[in-house]
Amino acid sequence: MAKYSFEFKNMIVKEYLSNKGGYRFLSDKHGIHHSLIQCWVANYRKFGEKGLMRSRQNQVYTFEFKLNVVELYLIGELSYQDLALQVGMTNTGQIARWVLDYKAAGPDALRPKKKGRRRKMDKDKIIEKIEESDSTEQMELLLRWRTSLEL
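Quick note: the working numbering has the sequence shown finishing at residue 198, numbered continuously throughout.
Written out as structure tokens, the structure reads:
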């Protein structure tokens with residue numbers, strides 16, 4: 048669950064936009080950091096109320112898009128927030144993660160990674176080796192294993 052609800056974010060943004068206080072005043076009043084309010088206001092101005100909502104879907108970005116965003120950050124003098132708004136993203140932390148990965152391991156760190164657990168052993172190759180071998184013990188074990196699967 049998100050730390051702050053859409054309603055709470057919207058209320059604070061509306062307070063700011065109706066001149067009921069600045070970032071610091073609202074920060075002290077509601078007990079949150081002023082930079083968070085700045086992000087919410089910027090997202091609201093760029094994307095409307097949709098910019099304050101938490102996305103329920105994982106957004107998948109292409110390698111080229113990630114590389115382009117990282118290069119824009121490294122060669123430009125934009126903050127993560129400004130860059131996110133420029134490229135149409137609301138998650139500034141994602142850009143920061145890409146930049147750190149890029150600095151640590153280069154462009155290949157931005158490529159998509161395989162999901163799931165790697166196979167420990169390839170059963171088909173093991174069965175093939177057992178069938179080709181002369182060991183009767185291994186053949187008996189293989190036959191027992193196959194019959195136990197049929198049950």
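Quick reminder that beta carbons are idealized off the backbone N, C-alpha and C, glycines included.
None of the values given here were measured: they were computed from a predicted structure.
*Through-space distance from R164 to H77, alpha-carbon basis*: The residue given as residue 77 occupies position 30 in the sequence shown. The residue given as residue 164 occupies position 117 in the sequence shown. Taking the straight line joining both Cα atoms gives about 44 Å.
*How about V117 and I142: do their beta carbons lie closer than 9 Å?*
As a first step, residue 117 is located in the sequence shown; it is residue number 70 there, counting from the start. As a first step, residue 142 is located in the sequence shown; it is residue number 95 there, counting from the start. Result yes, Cβ atoms of V117 and I142 sit closer than 9 Å.
_Classify K150: buried if its beta carbon has 16 or more other beta carbons within 10 angstroms, exposed otherwise._
As a working note, residue 150 is residue 103 in the sequence shown. That one is exposed.
*Just how far apart, CA to CA, sit M136 and D169?*
For this step, residue 136 is matched to residue 89 along the sequence shown. For this step, residue 169 is matched to residue 122 along the sequence shown. Those two C-alpha atoms are separated by around 42 Å.
*Use the C-beta contact count for W145: other C-beta atoms within 10 angstroms, 16 or more gives buried, fewer gives exposed.*
Locating residue 145 in the sequence shown gives position 98, where the first residue counts as 1. So W145 counts as buried.
_With a threshold of 6 Å on Cβ separation, who are the neighbours of M48 within its own chain once the five nearest residues in sequence on each side are excluded?_
Stepping through the sequence shown from its first residue, residue 48 is reached at position 1. At M48, the pLDDT of 36 sits below 50, so the modelled position is not reliable; the number obtained from the coordinates is stated separately. Here the set comprises nothing.
*asked:* Please identify the residue among E179, F55, K113, E175 whose C-alpha is closest to the C-alpha of A156.
replied: As a first step, residue 156 must be located in the sequence shown, where it is residue number 109. With distances taken between Cα atoms, A156 lies closest to K113.
_Same chain, Cβ closer than 8 Å to N90, neighbours up to 5 away in sequence not counted_ = Residue numbering aside, residue 90 sits at position 43 when the sequence shown is read from its first letter. Around N90: G98, L99, L132, T137.
*For I84, collect the residues of the same chain with a Cβ closer than 7 Å to its Cβ; drop the 5 residues on either side in sequence, then sort them by chain order.*
To locate residue 84, count along the sequence shown from 1; it is residue 37. Cβ neighbours of I84 beyond the five flanking positions: I59, Y63, Y70, L73, S74.
*Write down every uninterrupted run of the alpha helix (DSSP H) in the region 62–112 whose length is 4 residues or greater and which is fully enclosed by it, in chain order.*
70–77, 81–94
*Which residue's Cα is closest to the Cα of R101: F55, R193, E187, L189?*
For the purposes of this step, residue 101 is taken as residue 54 along the sequence shown, with counting starting at 1. Nearest of F55, R193, E187, L189 to R101, Cα basis: F55.
*Could you spell out the range, first to last residue, of the alpha helix (DSSP H) harbouring K150?*
In the sequence shown, the residue the question calls residue 150 occupies position 103. Start and end: 139–152.
*For D169, name the three-state secondary structure that DSSP assigns.*
Stepping through the sequence shown from its first residue, residue 169 is reached at position 122. It is coil, neither helix nor strand.
*Note down the Cα distance separating Q128 from C86, rounded to an integer number of angstroms.*
Here residue 128 refers to the residue found at position 81 when the sequence shown is read from its first residue. Here residue 86 refers to the residue found at position 39 when the sequence shown is read from its first residue. Each residue's Cα considered, the two are about 7 Å apart.
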